[in-house]
């Protein structure tokens, strides 16, 4: 299996684990009377499952994004561009360029 797929599966599992802890914490502390709503409803288990899955999708995406962003290394200096030195700033002079098109197309019709 490619390394990227292994990385993805691992981080999705971590994200869903974090989502499980998050949902359990919401229920344990009875945030917004959520435990009572879940316990007194006949479809409470479905609500908890959906809450876990939807939060799992979000946390898995964030976890995988963090993992991919942290793969970058700063061993090489930035490439491209030209540093602006004081000598170069003296050479940069703004130039006025006349517009060729008339302004009639800007009027309301």
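In the working numbering, the protein residues as written are 30 to 138.
Ideal Cβ positions, reconstructed from N, Cα and C, are used throughout, including at glycine.
Going by DSSP, residue 47 is part of the alpha helix (DSSP H) stretching over 32–57. Residue 124 places its beta carbon 8 Å or farther from that of residue 89. Taking 8 Å as the cut-off, the Cβ atoms of residue 52 and residue 80 count as close.
In this structure the segment 95–107 does not touch the segment 63–71; the number of beta carbon pairs closer than 8 Å is below three.
For residue 130, no alpha helix (DSSP H) run applies, since DSSP gives it neither H nor E.
Here residue 103 carries a coil assignment [DSSP, helix/strand/coil].
Taking 8 Å as the cut-off, the beta carbon of residue 63 is found closer than this to the beta carbon of residue 55. For residue 94, the secondary structure class from DSSP, reduced to helix, strand or coil, is helix.
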